[in-house]
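Asks: Take the sequence shown: its letter number 95 is residue 95 in my numbering, and every next letter is one higher. Idealized CB from N, CA, C, for every residue including glycine. Before I ask anything, here is the structure I am working with.
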Amino acid sequence: MTFCLGIKTKHGLIGLSDTRITSGNETTTSKKVYTVNREKHSFFIMTSGLRSVRDKAITYFTEVIEEQDHNFNKLYKAVNEFGNQVKRVAKEDKEYLEESGLSFNLFSVIGGQLEDDKEPKLYLLYPQGNWIEIRKGTPFVIIGNTGAGNPVLRRSLSYEDSLDYALKCAFLAFDATLISANDVDFPLDTVILENNSYHTIEKRFEKKELEHISVFWNGRLKSAIQELPAEILKRAFEQEEEMNVFSNGSS
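Right, here's the structure in full:
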């Protein structure tokens, strides 16, 4: 499993990915983010699924970019081409993978801005090569382990938020997933693309650099629970006592 998150706000894009690779009983660390930075031409791809499928599709796509980069002036065209390479890998390997009991399940989050895009775009690409665009109604998408991070983002994130705030939300979604799943882990890779900057900034963070944020957040959660205006909930205990009295009386 994996955790890759893309966020779109009115100020640009945030991408965040764990680096844990699980194969049977073995775990390793490997980058799950691929970036392209050229003049007025910047995008990133994050993937979840079989590593062999990912590496092969990225290799094929890199060749296309090197040879035909001038053909892509909007991000959706690059997304279509990466989808073509995923389908190419499916034709070559899907049958053999499924015979071995493995699913062809490469999901991709692709974000960026090319020269004729009016603003950065964010897409979710399915294993079949089709895609959807992530818009401001629900301005984020998670692939891999989605369960724990979704509630954090739905409660806290909006399209109007700053990139700084969005990155904090992204880390808290990762932190919630880290606590809930043993197949998601540090190091943590981030990518940031501001509107019309045409340059994706990549950073890697180790656990020791960010664990103080987790400690702070856990403390604030406990304090918030203690301070909840929840006097009404005490009735639950009173009702239980009344039921016990009734039960004892009837016997």
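Looking at the structure shown, is Tyr198 part of a helix, part of a strand, or coil, going by DSSP?
Replies: The sequence position of residue 198 within the sequence shown is 198, counting from 1. Coil.
Asks: First and last residue of the alpha helix (DSSP H) that includes Tyr165?
Replies: On the sequence shown, residue 165 is found 165 positions in, with the first residue counted as 1. Residues Leu163 to Ser180.
Asks: Taking the CB atoms as reference points, tell me whether Pro139 and Leu106 lie closer together than 8 Å.
Replies: Residue mapping note: residue 139 aligns to position 139 of the sequence shown, counting from 1. Residue mapping note: residue 106 aligns to position 106 of the sequence shown, counting from 1. No. Outside cutoff.
Asks: Helix, strand or coil for Tyr126? Go by DSSP, reduced to three states.
Replies: For the purposes of this step, residue 126 is taken as the residue at position 126 of the sequence shown. Three-state result, Tyr126: coil.
Asks: For a test of the three-state rule: what should DSSP assign to Arg135, helix, strand or coil?
Replies: In the sequence shown, counting from the first residue as 1, residue 135 sits at position 135. Residue state, collapsed to three classes: coil.
Asks: Identify every residue that forms a DSSP beta bridge with Ile143.
Replies: Walking along the sequence shown from the start, residue 143 turns up at place 143. DSSP output for Ile143 lists Cys4 as bridge partner(s).
Asks: Grab the span of the beta strand (DSSP E) containing Val109 for me, first residue to last.
Replies: Here residue 109 refers to the residue found at position 109 of the sequence shown. Start and end: Phe107 to Leu114.
Asks: Please return the same chain residues whose Cβ sits closer than 6 Å to the Cβ of Val261, not counting the five positions on each side in sequence.
Replies: An answer regarding residue 261 cannot be provided, because it is not within the stretch 1 to 251 covered by the chain.
Asks: So His199 and Ser42 are supposed to be a Cβ contact under 8 Å. How far apart are they, rounded?
Replies: In the sequence shown, the residue the question calls residue 199 occupies position 199. In the sequence shown, the residue the question calls residue 42 occupies position 42. Confirmed, about 5 Å.
Asks: Tell me whether Lys121 is buried or exposed, calling it buried when 16 or more other Cβ atoms sit within 10 Å of its Cβ.
Replies: Along the sequence shown, one-based indexing puts residue 121 at 121. Buried, because 16 or more other Cβ atoms sit within 10 Å of the Cβ of Lys121.
Asks: Can you give, in chain order, each stretch of the alpha helix (DSSP H) that sits fully within the region 36 to 118 and has at least 4 residues?
Replies: Runs found: 51 to 68 and 75 to 99.
Asks: Could you name the residues of the same chain whose beta carbon sits closer than 7 Å to that of Asn195, not counting the 5 residues immediately before and after it, in chain order?
Replies: The residue labelled residue 195 in the question sits at position 195 within the sequence shown. Excluding positions up to five away in sequence, the list reads His11, Gly12, Glu119 and Pro120.
Asks: Taking the straight line between their C-alpha atoms, what separation do you get for Thr28 and Glu209?
Replies: Here residue 28 corresponds to residue number 28 of the sequence shown, with the count starting at 1. Here residue 209 corresponds to residue number 209 of the sequence shown, with the count starting at 1. Taking the straight line joining both Cα atoms gives about 20 Å.
Asks: The beta strand (DSSP E) with Ile256 in it runs from where to where?
Replies: Because residue 256 is not part of the residues shown, which for the chain are 1 to 251, the question remains open.
Asks: Among Ile143, Leu163, Cys169 and Gly144, which one has its Cα closest to the Cα of Arg154?
Replies: If you number the sequence shown from 1, residue 154 lands on position 154. Of Ile143, Leu163, Cys169 and Gly144, the residue nearest in Cα terms is Cys169.
Asks: Find the nearest neighbour of Tyr76 within the set Gly112, Arg220 and Thr177, judged by alpha-carbon distance.
Replies: Looking up residue 76 in the sequence shown gives position 76. Per the Cα distances, Gly112.
Asks: Considering Glu268, what are the terminal residues of the beta strand (DSSP E) in which it resides?
Replies: Beyond the ends of the chain as shown, which are 1 and 251, falls residue 268; an answer cannot be given.
Asks: Once the 5 residues before and after Asn145 are set aside, which same chain residues still bring their CB inside 6 Å of it?
Replies: Here the question's residue 145 lines up with position 145 in the sequence shown. Once the five neighbours on either side are set aside, the close Cβ partners of Asn145 are Met1, Phe3, Thr177, Ala181 and Val184.
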